[in-house]
Each structure stands twice: as C-alpha cells, then as structure tokens.
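In UniProt numbering, the protein residues as written are 1 to 321. C-beta atoms are modelled at their ideal positions from N, C-alpha and C, and glycine is treated no differently. Here the structure is a predicted model, which is why all the values come from computation and not from measurement.
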Amino acid sequence: MILTLTPNPAVDQTIEMDEPLKPDTVQTSVGAKFDAGGNGINVSQFVRALGGETTATGITGGFTGYFIEQSLSEFDIPTDFCQIESRPTRISTTILAPAREGVQTSRMDDEDDLPRSEYRLLQTGPEVTEHIVDLLVETVREHDPEILNIGGSLPPGMDTAAVDRIAAAGDWETAVDIHGDVLTDLEETYEYCRPNREELEAATGITVETITDCEQAAKQLHEMGFERVIASMGSEGAVMVTPEQTLYSSAVDVEVVDTVGAGDALFAAILWAYEQGWSDEKALRAGVATAWKLVTVTGSSVRDLHPQDRIDEVRVWEMDG
1 MILTLTPNPA
11 VDQTIEMDEP
21 LKPDTVQTSV
31 GAKFDAGGNG
41 INVSQFVRAL
51 GGETTATGIT
61 GGFTGYFIEQ
71 SLSEFDIPTD
81 FCQIESRPTR
91 ISTTILAPAR
101 EGVQTSRMDD
111 EDDLPRSEYR
121 LLQTGPEVTE
131 HIVDLLVETV
141 REHDPEILNI
151 GGSLPPGMDT
161 AAVDRIAAAG
171 DWETAVDIHG
181 DVLTDLEETY
191 EYCRPNREEL
201 EAATGITVET
211 ITDCEQAAKQ
221 LHEMGFERVI
231 ASMGSEGAVM
241 VTPEQTLYSS
251 AVDVEVVDTV
261 GAGDALFAAI
271 LWAYEQGWSD
281 EKALRAGVAT
291 AWKLVTVTGS
301 SVRDLHPQDR
311 IDEVRVWEMD
321 G
C-alpha cells in the first residue's frame with residue numbers, strides 16, 4: 001500500500017473572469033471551481049486511478065479540511081488525516097482573466113485565442129505543533145505502508161527534522177517531493193525523490209537548461225542520499241538516476257490539453273510500478289505513459305489510468321554520462 005502524507009494541503013479555488021481585473025471595483029466571476037490540492041493528495045488520486053491501494057493522510061482543519069476529505073471519498077480514497085484546531089486548511093486561489101491592454105502574457109484563452117493573465121494567491125497554512133507531528137508519526141506507523149510519499153510544502157512550525165523523523169519511524173520506503181531548498185536539509189536516506197527543473201536548481205545550484213544539466217544535478221542529489229532521483233523536465237522528458245544507471249525518456253509528442261498534475265502522475269505511476277516489483281526501466285516507462293495520458297484530458301481528477309495501453313511506445317535510453 002502507498003500511503004501519502006500531505007503536510008500542507010489546500011483547497012484549490014480557480015476563478016474565471018470575462019473581463020480584466022480592475023482595482024477598487026466589484027466584479028463578478030463567470031465560473032468557479034474547487035478541488036482538493038496538494039502533492040500527496042494528487043499522488044493518492046493517481047495511484048487509485050491506476051488500480052493501486054492507497055490512503056491519504058496529512059494535516060487538515062476546519063471546513064476546508066472537511067471539503068478535502070469529502071472530495072477524496074468521492075474517488076474511493078480512504079483518508080486518515082490529523083486534525084488541527086487553530087485554523088482551517090488553507091485556500092489557494094487562481095484567477096484567470098483577460099489580460100489588461102498592454103500587458104504581455106503567454107497564456108491564451110482556449111476558445112477565442114485572446115491573451116489571458118493568471119493571478120495566484122497562496123496562503124501559508126496553519127501553524128503545526130510538535131503534538132501534531134507526534135500524531136503524524138503514530139498514523140504512519142499504524143498504516144505501516146510499503147511506500148510512504150511525503151509531498152508538498154511544509155506548513156509553519158514543521159521543519160525538515162520532522163520529515164526525517166517520520167521517514168525513520170518504520171521500515172517503509174520513503175519518497176519525497178518537497179521544495180528544492182528544503183531537500184538539502186534532509187538528513188535521512190530516502191528511496192525516491194522527484195524534483196522538477198526549478199527544484200533541481202534550488203537544491204544543487206546548477207542551472208538546468210539541458211538534459212545533460214538535469215543529469216548532472218540529479219546525480220548530485222543522488223550523492224546527497226536520495227537512492228532514486230526522478231527529475232521531471234516537462235516537455236523535455238524525464239531523467240532517472242538509480243544506484244546502477246541513469247535513464248532518460250523523452251516526452252511523447254501528443255496534443256496537450258492540460259499539464260496540471262502531470263509531474264505528480266509521473267511520480268505516482270513510478271511508485272505504483274515499483275510496488276508491483278517492476279524494473280527501473282519499466283517503472284520509468286509507466287510514469288511517462290501515465291503522464292502522457294493525463295495531459296490529453298482536462299484537469300487532474302481522473303478515475304482510470306492504464307499505462308499498459310501505451311507503455312511499449314515510450315522510449316528509454318541509458319545515459320553514459
């Protein structure tokens with residue numbers, strides 16, 4: 001079983017406007033969407049869609065925490081969150097609006113090809129006490145998973161020492177997908193790590209512009225104590241550094257509809273594949289095939305993913321350094 005731990009989940013609120021945002025003006029949106037968000041939560045959703053066994057834990061509070069648990073129940077994902085009373089779970093707001101005249105933006109509206117601006121408002125999350133960390137350790141021990149995935153940002157009051165403590169509390173394999181500047185402070189040995197380009201740069205100081213740069217940075221992370229580093233490069237593919245070899249898979253040429261959650265889908269499928277006993281190469285193929293399928297649909301909330309349908313079409317090379 002893959003247990004995911006999201007220390008700082010969020011309710012992702014997406015608001016759509018049909019006119020540019022204006023200061024000191026009351027405006028009405030044309031659409032709004034709410035989703036349960038957070039790296040670990042996404043991984044649980046994808047593992048479930050792959051047919052794997054998973055449970056989601058982490059820290060929730062208030063009405064927004066209740067919303068997250070109810071949302072996951074709709075996807076038949078068991079939850080066992082630790083409750084915090086100080087504040088509700090944070091809300092992360094994204095506002096999509098037509099760009100103001102003269103504003104440069106690379107985002108386009110899908111229907112009328114008009115330039116759009118994206119505004120993001122992120123809350124920090126509730127303060128975490130040592131008592132809550134104790135509860136997280138107890139919860140993970142009770143579930144005793146084969147693989148524990150700790151993902152997302154750390155809330156106020158929770159540091160890397162707490163992450164190390166959770167990872168070392170049992171015999172499970174631990175995967176981490178947290179911010180790059182935090183990765184370097186971890187002291188335990190971790191079996192899996194999934195940085196993106198920006199996180200690689202923050203963790204290693206290496207400017208990652210090419211696949212060779214990515215390989216160099218991923219190997220540096222491997223030497224820091226991460227047994228397998230799965231570095232996602234978006235449209236340029238993914239690099240996997242293992243104790244025996246370094247593998248590269250290019251991204252598949254498909255019509256991309258939505259890239260939200262693609263990196264989490266890649267990681268979830270790789271962890272799921274390892275739980276099945278698959279090899280490094282086949283696990284990477286499964287990850288790329290799953291991300292490939294996800295980007296062809298809208299949104300990251302999916303119920304069925306079958307990487308076997310296209311896994312043989314994914315090409316993997318061994319890099320010679």
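- Around the beta carbon of glutamine 27, fewer than 16 other beta carbons lie within 10 angstroms, which makes this residue exposed.
- Selection Val128, Val208, Cys82 evaluated against glycine 234 yields Val208 as nearest (Cα-Cα).
- In chain order, Ser249, Ser250, Ala251 place their CB closer than 6 angstroms to the CB of glycine 237, counting only its own chain and leaving out the 5 sequence neighbours on each side.
- Here alanine 238 carries a strand assignment [DSSP, helix/strand/coil].
- Contact between glutamine 123 and serine 153 does not hold, since the beta-carbon distance rounds to 11 angstroms and is not under 8 angstroms.
- Per DSSP, arginine 197 is one residue of the alpha helix (DSSP H) stretching across 197 to 204.
- Rounded to the nearest whole angstrom, the C-alpha separation of glutamate 198 and glycine 180 is 7 angstroms.
- Taking glutamate 281 as reference, the option from Ile311, Ala291, Ala262, Trp292 with the minimal CA-CA separation is Ile311.
- In this structure, the alpha-carbon of threonine 184 lies about 45 angstroms from that of threonine 25.
- If you check the CB distance, valine 43 and alanine 268 come in under 7 angstroms.
- Approximately 11 angstroms separates the beta-carbon atoms of valine 176 and isoleucine 147; this is outside 8 angstroms, ruling out the contact.
- Here valine 229 has Cys193, Ala218, Leu221, His222, Val241 as same chain residues with Cβ atoms under 6 angstroms from its own Cβ, once five neighbours each way along the sequence are excluded.
- With a cutoff of 7 angstroms on beta-carbon distance, serine 71 and alanine 99 are scored as not near each other.
- Taken in chain order, the whole beta strand (DSSP E) runs of length 3 or more contained in the stretch 118 to 147 number zero.
- When DSSP states are grouped into helix, strand and coil, serine 73 belongs to the helix group.
- Cα atoms of threonine 6 and isoleucine 68: separation of roughly 12 angstroms, rounded to the nearest angstrom.
- When Cβ pairs closer than 8 angstroms are counted between the two stretches, the stretch 7 to 25 is seen to touch the stretch 34 to 49, the count reaching three or more.
- Under the three-state reduction of DSSP, asparagine 42 is assigned to helix.
- Measuring C-alpha to C-alpha distances from aspartate 12 to each of Met158, Ala167, Gln83, Tyr119 identifies Tyr119 as the nearest.
- Distances from the CA of threonine 139 to each of Gln216, Thr55, Ser86, Leu247 were compared; the closest alpha carbon is that of Thr55.
- Looking at the backbone, the Cα of threonine 57 and that of methionine 319 are separated by about 37 angstroms.
- An exposed status is given to tryptophan 317, since fewer than 16 other beta-carbon atoms sit within 10 Å of its beta-carbon.
- In the DSSP assignment, tryptophan 272 falls within the alpha helix (DSSP H) that extends over 262 to 275.
- Counting every other CB atom within 10 Å of its CB across the protein chains shown gives arginine 48 a total of 16 or more, marking it as buried.
- If you draw a 10 Å sphere on the C-beta of threonine 79, you find 16 or more other C-beta atoms in it, and that means buried.
- The residue among Cys82, Phe34, Tyr274 with its C-alpha nearest the C-alpha of glycine 62 is Cys82.
- In the structure shown, arginine 87 adopts coil according to DSSP, grouped into three states.
- By the C-beta density criterion, glycine 65 is buried, having at least 16 other C-beta atoms within 10 angstroms.
- In the three-state reduction of the DSSP assignment, lysine 293 falls in the helix class, which pools H, G and I.
- Just so you know, the alpha carbons of valine 239 and proline 115 end up roughly 33 angstroms apart.
- In the three-state reduction of the DSSP assignment, valine 288 falls in the helix class.
- Taken through DSSP and simplified to helix, strand or coil, aspartate 35 comes out as strand.
- The C-alpha of glutamate 53 is placed about 10 angstroms away from the C-alpha of proline 145.
- The secondary-structure analysis by DSSP pairs serine 92 across a beta bridge with Asp12.
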